[in-house]
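Take the sequence shown: its position 245, counting from 1, is numbered 245 in full-length UniProt numbering, and each next residue is one higher.
From the three backbone atoms N, C-alpha and C, an ideal C-beta is built for every residue, glycine too.
What follows is a short report on a single structure.
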Amino acid sequence: MKIGITGAGGQLGQDLIRMLESRHELVAWKHQDLNITDEKAVEQAFALHRPDAVIHAAAFTGVDAAEKNLDAAYMVNAFGTRHVAWAAHTIGAKMVYVSTDYVFDGRKGEPYTEGDRTAPLGIYGNSKLLGEKFTEFLCDRHFIVRTSWLYGLSGSNFVTKVLQLAKEQGSLRMVSDQYGSPTYTLDLAAQIAELIETEEYGVYHVSNRGFCSRLRFAEAILEIAGLAGVRLEAVESAELSLPAERPVHSALSDLALRRRGFGRMRHWKSALEAFIREDLKCGGLEHNEDGEEGPKDDSKRADQDAGPA
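Structure representation (structure tokens):
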């Protein structure tokens, strides 16, 4: 299969290339190669290369920046996606649109399934939701893949920031009242690779299993990296006064994957350990997997855990 990838220079794009290059012919477009906000450029690129499938990973991902750069966020996440969806439809290609847990308001109190009502709190989530709508309306052969709290080898992310700050400072402040599902981009890429080879179109929640708070996520990062001596201070979201409101509990349930017989993602702790030990090549004491954390398990640790990416 010939597969086009937008956003190929990002952390997910790079892991999609790692996962797919040995099995498929790839056309990898970085931002400098293809400006998705240019409708004609997208149409011409797709007509020239004629991929059988397109994975649309390019996005405006700055949650706070989107509040100040509304036009840019909508141009990339909504209208850029419109251009990709229409061009994919025109050449008869499948399309995977990578969306976000931020299409939800986080008030459900437990992991969201694919059928739950969307209600984004800010510009970023709303622009991504509009991208979902354009994908649904314009490209019949589509997969909408919602994911959350991404980290990977390429680019800056929560894991690499925590490790960097831990080496520079003796203590770190971490949010304790937001919950989500940390997701390793290599695992996400593997699941997308499985989906795209099927005709099982629709909306999917694809994240590593279980959920935690941002504080608990940071604790696990430091434990695995052998930096457990770094002190963590719990803070509430309101203390940070960030421009964009975040959903309090945006963990995702993989109901659609399970119903359609796809393999499940591994637990977020196992994925995190693999990333730190194998990709980053660092680690301290052995990390013991204590099984999947369901809502009850995570609720018991609410005093330790905190929020979304």
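Alpha-carbon spacing of residue i relative to residue j, whole angstroms
{"i": "Ala189", "j": "Tyr97", "result": "12 Å"}
{"i": "Gln191", "j": "His205", "result": "10 Å"}
{"i": "Ala8", "j": "Glu67", "result": "25 Å"}
{"i": "Gly109", "j": "His49", "result": "45 Å"}
{"i": "Leu222", "j": "Gln178", "result": "19 Å"}
{"i": "Asp279", "j": "Phe134", "result": "35 Å"}
{"i": "Ile144", "j": "Asp38", "result": "22 Å"}
{"i": "Ile5", "j": "Thr118", "result": "26 Å"}
{"i": "Ile36", "j": "Ala228", "result": "43 Å"}
{"i": "Gly226", "j": "Arg266", "result": "22 Å"}
{"i": "Arg277", "j": "Ala271", "result": "10 Å"}
{"i": "Ala72", "j": "Phe60", "result": "8 Å"}
{"i": "Asn288", "j": "Leu165", "result": "Caution applies to Asn288, whose pLDDT of 42 falls short of 50 and renders its modelled position unreliable; the model cannot decide the point."}
Contact belief for residue i with residue j at Cβ below 8 Å, rounded distance in angstroms
{"i": "Phe217", "j": "Phe158", "result": "7 Å"}
{"i": "Phe211", "j": "Pro111", "result": "7 Å"}
{"i": "Ala234", "j": "Ser176", "result": "4 Å"}
Counted within 10 angstroms of its Cβ, other Cβ atoms place residue i as buried (16 or more) or exposed
{"i": "Glu286", "result": "Here the model assigns Glu286 a pLDDT of 44, short of 50, so the residue's position is not dependable and the matter cannot be decided."}
{"i": "Ala93", "result": "buried"}
{"i": "Leu240", "result": "exposed"}
{"i": "Tyr102", "result": "buried"}
{"i": "Thr81", "result": "buried"}
{"i": "Ala238", "result": "exposed"}
{"i": "Asp254", "result": "buried"}
Where the beta strand (DSSP E) through residue i begins and ends
{"i": "Ala53", "result": "53 to 56"}
{"i": "Gly125", "result": "That residue, Gly125, is in no beta strand (DSSP E); its alpha helix (DSSP H) goes 123 to 138."}
{"i": "residue 321", "result": "Shown here, the chain extends from 1 to 309; a query on residue 321 therefore has no answer."}
{"i": "Glu25", "result": "25 to 29"}
Closest residue to residue i among the options (Cα-Cα distance)
{"i": "Ile224", "options": "Glu168, Ala45, Arg107, Leu163", "result": "Leu163"}
{"i": "Gly106", "options": "Ala251, Ala65, Met265", "result": "Ala251"}
{"i": "Asp187", "options": "Leu195, Val203, Lys2, Asn208", "result": "Asn208"}
{"i": "Thr185", "options": "Ala193, Gly152, Glu194, Asp254", "result": "Gly152"}
{"i": "Pro243", "options": "Asp52, Gly155, Ile123", "result": "Ile123"}
{"i": "Glu194", "options": "Gly115, Leu257, Trp29", "result": "Leu257"}
{"i": "Arg231", "options": "Glu21, Glu168, Met19", "result": "Glu168"}
Residue i: first and last residue of the uninterrupted alpha helix (DSSP H) it sits in
{"i": "Met19", "result": "11 to 20"}
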